[in-house]
Structure formats: C-alpha cells, structure tokens
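*Asks:*
Numbering (this note's numbering), first residue to last: 53 to 162.
The following block contains the structure:
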C-alpha cells in the first residue's frame, strides 16, 4: 500500500463521527456576539474601522485618550491578555480619521 494511502486511512480512523461540542464556558464567553448579522459596509474610502461589535474596555479607551493627549508619543503598558493588540488597532483606526492616509508602526515590547 502506498504511504499516502496509509496516511489517509489512518487520518480517517482518527476523525470523530460527529463534530465536537462547545464547552459551556466557551459558549458563555461567546454570548453577545452576533455572528448571523453581516457587518456594516466599510467606508467608501476604505478607511479602517473598529468593528461595530467590539466594545473597548474602559482602560483601553483611557489608554487611547492618553496616547492622543500625549500627541501620539508613549508606550501602551498593559498586562498580558488585556487587549494590547485590539487597543493598538483601535489607535490605528482613530489615527486614520485624525491624520488621513499614512503608515502606522507599532513596536510590541514584552
């Protein structure tokens, strides 16, 4: 038997008969997200936007306000898992509307 056939057969044996169910705690975390409604259309100019379903946490909003208040200088010092990437992307979207087209660079520091 060719090796590729043997691999295909062994993979089929490992495949469950039914798709996995979602753990209750994962289901609870996903409550409130509407995945059935299509997102609104993007700006005609193709501007970056913060998704309509995303609610920034108060400390993320404060970090963004502080960054703009400091004229775009400074470091977002946030704990692991606190949403640094989301905050940085929200800054980029807000900056686009303030300054227009351009390049935004972020340096992630551990």
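For each residue, glycine too, the CB sits at the ideal point set by N, CA and C.
None of the values given here were measured: they were computed from a predicted structure.
Cα separation between residue 119 and residue 75?
*Replies:* Roughly 38 Å between the two C-alpha positions.
*Asks:* What residues in its chain sit with their C-beta under 6 Å from that of residue 99, if we drop five residues either side in the sequence?
*Replies:* If we look at residue 99 and ignore the five residues flanking it on each side, its Cβ neighbours are 148.
*Asks:* Quick one: grab the DSSP three-state call for residue 110.
*Replies:* Note: residue 110 maps to helix in three-state DSSP.
*Asks:* By the three-class DSSP mapping on this structure, what secondary structure does residue 96 have?
*Replies:* Per-residue confidence for residue 96 stands at a pLDDT of 49, beneath the threshold of 50, marking its modelled position as unreliable; the derived number appears in the next sentence. Here residue 96 sits in coil by DSSP.
*Asks:* Could you tell me whether the Cβ atoms of residue 142 and residue 108 are closer together than 9 Å?
*Replies:* Yes, Cβ-Cβ distance for residue 142 and residue 108 is below 9 Å.
*Asks:* Figure out for me which residue from 115, 121, 56 has the closest Cα to the Cα of residue 128.
*Replies:* Selected option, being the one with the closest Cα: 115.
*Asks:* Roughly how many angstroms lie between the CA atoms of residue 145 and residue 132, to the nearest whole one?
*Replies:* Their Cα atoms are separated by approximately 22 Å.
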